[in-house]
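Structure first, commentary second.
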Amino acid sequence: MSMDQTPETPLNGPVFWDRRELDQLLRVYGRMVAQGEWRDYAMGGLKDVAEFAVFRRHGDAPAYRVEKRPSLRLKQGQYAVMGEGGVILKRGRELAQVLKVFDARRFTVVE
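Just so we're aligned, residue 0 is where the sequence shown starts under numbering that gives the first Met the number 0, counting upward by one.
This is the structure in structure tokens:
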């Protein structure tokens, strides 16, 4: 990071997860894999959003997505957990707090 860039200054280029955030995401992912809930994940970084998607089975649509949108950092919070269909389950400023949505309840598929 150069001297003229502060943590509040967005960098040009894609948004992605830092090491601390990845550690938190992969801890939750590992726990859910051990419980047999999730089977696969994918990550992506675009110009305005980083995404961590988890899948119940290979080839399915994502069961959950965790997004990081720095542009919302000062508003409703840059982190969000979304369920199937894009429903926002939790949004906030701290990733650890947002990821607690996976501790709060047991998720089951309703058909």
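Beta carbons are placed, not taken as given, at the ideal position from N, Cα and C, and that holds for glycine.
Residues near residue i by beta carbon distance below 8 Å, same chain, minus five either side
i, result
"V27", "L98 and F101"
Other residues of its chain near residue i: CB distance less than 7 Å, five sequence neighbours each side excluded
i, result
"V48", "V14, E66, K67 and R68"
"L71", "Q77"
C-beta contact flag for residue i and residue j at 7 Å
i, j, result
"Q39", "F54", "According to the sequence displayed, residue 39 carries Asp and not Gln. Yes."
Simplified DSSP state of residue i, which is helix, strand or coil
i, result
"V86", "coil"
"V62", "Checking the displayed sequence, the identity of residue 62 turns out to be Ala instead of Val. Residue state, collapsed to three classes: coil."
"V80", "strand"
"G35", "coil"
"E50", "strand"
Reference residue i; option with closest CA among the options
i, options, result
"G44", "L21, I87, G29 and V86", "L21"
"H57", "V32, K46 and K74", "V32"
"K46", "W16, G35, Q96 and R30", "W16"
"K74", "Q23, Q34 and G91", "G91"
Own chain partners of residue i with C-beta closer than 6 Å, once the 5 adjacent residues on each side are dropped
i, result
"L88", "V80, G82 and V100"
Should the region 50-65 be called in touch with the region 79-88, which here means at least 3 C-beta pairs below 8 Å?
Contact between the region 50-65 and the region 79-88 is present, because at least three Cβ pairs lie under 8 Å.
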